[in-house]
Every structure is written in C-alpha cells, then in structure tokens.
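Q:
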Amino acid sequence: MINSFANYLKDGVVRKKTEDKESATSLFRHAQDRLAYAKQKEVTEKTASFVLEDAYGAALEAVQALMAKEGYKTVSKP
Numbered sequence: 117m118i119n120s121f122a123n124y125l126k127d128g129v130v131r132k133k134t135e136d137k138e139s140a141t142s143l144f145r146h147a148q149d150r151l152a153y154a155k156q157k158e159v160t161e162k163t164a165s166f167v168l169e170d171a172y173g174a175a176l177e178a179v180q181a182l183m184a185k186e187g188y189k190t191v192s193k194p
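First residue of the sequence shown: 117, per our numbering; consecutive thereafter.
(1) Measuring CB to CB, does residue 265 end up less than 8 Å from residue 152?
(2) I need the straight-line Cα distance from residue 128 to residue 188, nearest angstrom please.
(3) Can you give me the C-alpha to C-alpha distance between residue 178 and residue 141, rounded to a whole angstrom?
(4) Can you tell me the Cα-Cα spacing of residue 182 and residue 125, whole angstroms?
(5) From the DSSP secondary-structure annotation, give me the bridge partner or partners of residue 188.
(6) Mind listing, in chain order, the continuous alpha helix (DSSP H) runs of no fewer than 4 residues lying wholly within the segment 118 to 179?
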C-alpha cells in the first residue's frame, strides 16, 4: 500500500527544507542525460537489467529534482 505524502513527512522519511531551484535544475538535466543514455543502449538479455537501472536512476533523479524545487528532501533511515 502506498502512503500519503503527509505520512512520509510525519514519519521523517521526507523533510521540508528551503527550495533549491538551482539544484533542481541540475538534477533534472542529469536525469534527462541518464535517460537519453539508457535509450540509446541496445537491450539484450545481458544488458536489460543495466538499461533498466539507468532508466530507474533517471526517474529517481527527476523525482528528487521536483522535491528540491518544492523544498523537500528524502532522508535515509538506518
């Protein structure tokens, strides 16, 4: 089950911080570059997991960019 964003804030998984549009722009550009890199790779049985990792990384960076733009950051929990 997916929690609401408010629950992630309450549980300390996400924290409010100052909006960082510069970091957001940089992260989003990096996400675009990573996705472009993944798209140009040939997908075979041997490479499929690596291409998927790059696509996943691009999606993750895009989400982090949006969060930075809106003033949020994820926090690793031990």
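We put the CB at the ideal spot given by N, CA and C, even for glycine. Keep in mind that this is a model prediction, so the values were computed, not measured.
A: From the atom records:
(1) What the structure shows of the chain is the stretch from 117 to 194, and residue 265 is not part of that stretch, so it cannot be assessed.
(2) For the purposes of this step, residue 128 is taken as residue 12 along the sequence shown, with counting starting at 1. For the purposes of this step, residue 188 is taken as residue 72 along the sequence shown, with counting starting at 1. Going by the C-alpha atoms only, they are around 11 Å apart.
(3) As a first step, residue 178 is located in the sequence shown; it is residue number 62 there, counting from the start. As a first step, residue 141 is located in the sequence shown; it is residue number 25 there, counting from the start. The alpha-carbon of residue 178 is positioned some 10 Å away from that of residue 141.
(4) The residue labelled residue 182 in the question sits at position 66 within the sequence shown. The residue labelled residue 125 in the question sits at position 9 within the sequence shown. So the two alpha carbons sit approximately 16 Å from each other.
(5) What you label residue 188 is simply residue 72 of the sequence shown in a count that begins at 1. Note: residue 188 sits in a beta bridge opposite 132.
(6) Here the runs fully enclosed are 121 to 126 and 137 to 156.
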